[in-house]
Amino acid sequence: MTESTRDAHVSHSLHGGVYPGNLFMVIAPSGAGKSTLVNALLSKDHDICLSISYTTRKPRPGEQDGRHYHFTTVEDFRTRHAAHEFLESAEVHGNYYGTSRVWIEEQMKNGHDVLLEIDWQGALQVKKQFRNAVGIFILPPSLDALEERLKKRGQDEPNVITRRLLAAGSEIAHASEAEYVVINENFERALAELECIVAATRLRFASQYARHTELFIELGIHLPHAE
0 MTESTRDAHV SHSLHGGVYP GNLFMVIAPS GAGKSTLVNA LLSKDHDICL
50 SISYTTRKPR PGEQDGRHYH FTTVEDFRTR HAAHEFLESA EVHGNYYGTS
100 RVWIEEQMKN GHDVLLEIDW QGALQVKKQF RNAVGIFILP PSLDALEERL
150 KKRGQDEPNV ITRRLLAAGS EIAHASEAEY VVINENFERA LAELECIVAA
200 TRLRFASQYA RHTELFIELG IHLPHAE
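Just so it is clear: in the sequence shown, position 133 is 132 by numbering that gives the first Met the number 0, and no numbers are missing.
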């Protein structure tokens with residue numbers, strides 16, 4: 000068995016940790032409905048923990064510090080970044096975003112699945128450290144639909160919407176880097192597909208072995224070794 004094949008059976012980070020929890024990354028251009036889908040999934044599946052990112056952008060109406068994001072200053076963000084506190088970080092639309100490394104590893108070690116709302120740049124950084132992180136890309140049914148959604152939510156000025164639409168093209172080009180793609184044309188269908196992806200991931204050999212190690216050993220089932 001090759002090293003790459005063996006890695007496909009073992010859920011781990013490059014730091015040597017073998018975790019019973021899974022790491023999901025939901026990626027989408029702004030306006031594709033990512034946050035709405037994620038919130039609906041979390042309301043139905045209480046075995047997934049949402050990673051709350053740090054950001055330097057201003058809160059949108061209704062957003063709460065510590066619930067939607069950890070809102071912070073550019074100075075504080077740079078200090079944390081220099082201390083290697085982030086699993087990944089990126090600059091998006093002029094604002095910084097970062098994901099806490101320690102919190103995620105603690106959750107996964109304790110058997111909890113973790114979900115990241117993340118951009119494609121951050122997803123690449125996470126993949127370098129957690130090889131089995133599952134990327135799920137949310138696509139709009141069309142660019143026209145994406146523009147209409149951005150206008151309807153009423154959160155951005157016209158020039159910001161234009162900038163987001165221009166960025167969407169380059170972001171969507173990275174959909175091929177994800178393990179799964181969900182087209183959010185019909186919300187209920189998209190949510191059902193997202194739930195199926197989570198369920199299938201939990202049934203992978205690595206996930207089942209990590210969660211039921213004693214049973215697998217009792218039954219004589221062991222992790223494969225390199226040849």
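Note that CB positions come from ideal geometry on N, CA and C, so glycine has one too.
Nothing here was measured: the structure is a model prediction, and the numbers come from that model.
Can you tell me whether residue 249 is helix, strand or coil according to DSSP? No answer is possible for residue 249: it lies beyond the span of the chain, which begins at 0 and ends at 226.
Distance, Cα to Cα, residue 48 vs residue 108? Along the sequence shown, one-based indexing puts residue 48 at 49. Along the sequence shown, one-based indexing puts residue 108 at 109. Approximately 13 angstroms, taken between the alpha carbons.
Evaluate the contact criterion for the segment 140-155 versus the segment 87-97: three or more CB pairs, one atom per stretch, below 8 angstroms. no
Please state whether the Cβ-Cβ distance between residue 202 and residue 40 is less than 9 angstroms. Reading the sequence shown from its first residue, position 203 is the one you call residue 202. Reading the sequence shown from its first residue, position 41 is the one you call residue 40. Going by C-beta atoms, residue 202 is not nearer than 9 angstroms to residue 40.
Can residue 172 be considered in contact with the ligand FMN, in the sense that its beta carbon sits closer than 8 angstroms to one or more heavy atoms? As for the ligand FMN, it is missing from this structure, which has no ligand bound.
Quick check: the segment 84-91 against the segment 117-124, are at least 3 beta-carbon pairs closer than 8 angstroms? yes
CA nearest to the CA of residue 135, picked from 81, 144, 175, 74: For this step, residue 135 is matched to residue 136 along the sequence shown. Out of 81, 144, 175, 74, 175 has the C-alpha closest to the C-alpha of residue 135.
With distances taken from CA atoms, which of 91, 101, 173 is nearest residue 83? Position 84 of the sequence shown, counting from 1, holds the residue named residue 83. Nearest C-alpha to residue 83: 101.
In this structure, does DSSP put residue 132 in helix, strand or coil? Walking along the sequence shown from the start, residue 132 turns up at place 133. Residue 132: coil per DSSP, three-state reduction.
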